[in-house]
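Below is one structure; the comments refer to it alone.
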Amino acid sequence: MLRPIVKFGTPSLQTPAQAVTVFDAALHALIDDMIHTMYAAPGIGLAAPQIGVPLRVCVIDLSVGERGGEVITLVNPEFVERDGMQLEEEGCLSVPGFEVTVPRPGRVVVKGQDRNGHSVNVEGSGLLARALQHELDHLDGKLFLDRVRPLQRSVIVRKIKKLQRSDRW
Ligand SMILES: [Zn+2]
């Protein structure tokens, strides 16, 4: 089932999400919905708060479903290593139409659980490191806009508010 993606201005995007403690059919349905919603958007990553669900779950697929078996599902993820630096343009399905250059670690290692509660480790550099950092930020109630210069952020927020006022957001 496709779920509506909430946009900047929705409280769930700025609220830290809760740890998952039950790995049941409802969690599996949520994860499947998130994967379908990410592919339909289309996007390379989606976090549960982006569909209004305050749980620490995210999905990433750099191939957007083009290559089978590349989807990464992470439940309760956390960083165990972060090093290096990269500067690339980044966007977000919850902030459509705005791409900003965001500084991120060049390489990360994340540990978490899969949909059944089994431990998983994911190591990524380049785009995967960026996607992991972006999605884990969502689980902490942070957006990529919180990682750019304050002036740049306020310019974008002003543009979004203008769109909201004219009902185009
Ligand atoms: Zn995002």
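Going by this note's numbering, 11 is the number at position 30 of the sequence shown; the sequence numbering is gapless. Using N, Cα and C, we set each Cβ at its ideal position, and we do this for glycine too.
Comparing the CB of CYS73 with every heavy atom of ligand 1, is any distance shorter than 6 angstroms?
Flag set: Cβ of CYS73 near ligand 1.
Report the rounded CA-to-CA distance for VAL40 versus ARG130, giving the unit in angstroms.
Computed Cα separation, rounded: 27 angstroms.
DSSP puts GLY122 in a beta bridge; with which residues?
GLY122 is not bridged to any residue.
Taking the DSSP output, what are the residues bridged to ASN102?
ASN102 pairs with LYS92.
Among residues of its own chain, excluding the 5 on either side of CYS73, which ones have a beta-carbon nearer than 6 angstroms to its beta-carbon?
For CYS73, where only same-chain residues beyond five positions count, the Cβ hits under 6 angstroms are PHE125.
Report buried or exposed for THR2, applying the criterion of at least 16 other Cβ atoms within 10 angstroms of its Cβ.
Under this definition THR2 is an exposed residue.
Among residues of its own chain, excluding the 5 on either side of HIS9, which ones have a beta-carbon nearer than 8 angstroms to its beta-carbon?
If we look at HIS9 and ignore the five residues flanking it on each side, its Cβ neighbours are ARG96.
Would DSSP call VAL38 helix, strand or coil?
VAL38 falls in the strand class under three-state DSSP.
Counting Cβ pairs closer than 8 angstroms, one from the stretch 85 to 93 and one from the stretch 62 to 71, do we hit at least three?
Yes, the stretch 85 to 93 is in contact with the stretch 62 to 71.
Note the first and the last residue of the continuous alpha helix (DSSP H) segment covering VAL138.
From DSSP, the alpha helix (DSSP H) with VAL138 extends over 131 to 146.
If you count every other CB in all the chains shown that lies within 10 Å of the CB of ARG146, and 16 or more means buried, which is it?
When all chains shown are included, ARG146 counts as exposed.
Do the stretch 7 to 22 and the stretch 99 to 118 make contact, defined as three or more Cβ pairs closer than 8 angstroms?
Taking 8 angstroms as the limit for Cβ pairs, the verdict is that the stretch 99 to 118 does not touch the stretch 7 to 22.
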